[in-house]
Amino acid sequence: MTQVNVLHKEAMDLAELAQVAKLRGEIEQSNHLLRQAFAQESSAAALIANHWESEPTRSVLHCSAASLAIECGEFEIANRLIATALSGNPPAEIAEELQDLFIQINLRQYLERRGVALDEEKLASLVR
Numbered sequence: 005m006t007q008v009n010v011l012h013k014e015a016m017d018l019a020e021l022a023q024v025a026k027l028r029g030e031i032e033q034s035n036h037l038l039r040q041a042f043a044q045e046s047s048a049a050a051l052i053a054n055h056w057e058s059e060p061t062r063s064v065l066h067c068s069a070a071s072l073a074i075e076c077g078e079f080e081i082a083n084r085l086i087a088t089a090l091s092g093n094p095p096a097e098i099a100e101e102l103q104d105l106f107i108q109i110n111l112r113q114y115l116e117r118r119g120v121a122l123d124e125e126k127l128a129s130l131v132r
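The opening residue of the sequence shown carries number 5 in the working numbering; numbering runs sequentially from there.
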């Protein structure tokens, strides 16, 4: 198994453990596990970032790392991961998911800069 696969598997296992901890109400443990998952998935994505021929794996790993970054509140890193993924040749469905993540991160700031105020419920319904 390649290093990329090992890191990805570890990241997914950690993310699953984070979900279980969250369901148990162990929020601090969940956040800790989620950060570990993010670190592992980011490392896997970094290893394959310049391997353009490795699509869709390349874009899937970056998308997954960006999702974990968002969950960890690391929005700038998530934006960079999304940009890196889109700079390749991701399949259409992965590109759409990446674009949705970008909107999820940036919509609130965009609307605020234009003086548009939405309550949290309306904003959440826009980015689901």
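Backbone N, C-alpha and C define an ideal beta-carbon position, used for all residues, glycine too.
- Annotation for ASN9: the continuous alpha helix (DSSP H) segment containing it runs 7 to 27.
- Residue range 31 to 52 is occupied by the alpha helix (DSSP H) that includes HIS36.
- Contact between the region 8 to 17 and the region 36 to 55 is established, with three or more Cβ pairs separated by less than 8 Å.
- Distance check between SER68 and each of GLU78, LEU85, ALA22 and GLU59 places LEU85 closest, using alpha-carbon atoms only.
- In the DSSP assignment, CYS67 falls within the unbroken alpha helix (DSSP H) covering 61 to 75.
- In the three-state reduction of the DSSP assignment, LEU111 falls in the helix class.
- Within the same chain, and ignoring the five residues on either side of PHE79 in sequence, the residues whose Cβ sits closer than 7 Å to its Cβ are ILE109.
- Distance check between VAL64 and each of THR88, LEU115, GLY77 and GLY29 places THR88 closest, using alpha-carbon atoms only.
- Ranking PRO60, ALA70, ILE81 and LEU72 by CA distance to the CA of GLU97 puts PRO60 first.
- Annotation for ARG84: the continuous alpha helix (DSSP H) segment containing it runs 79 to 90.
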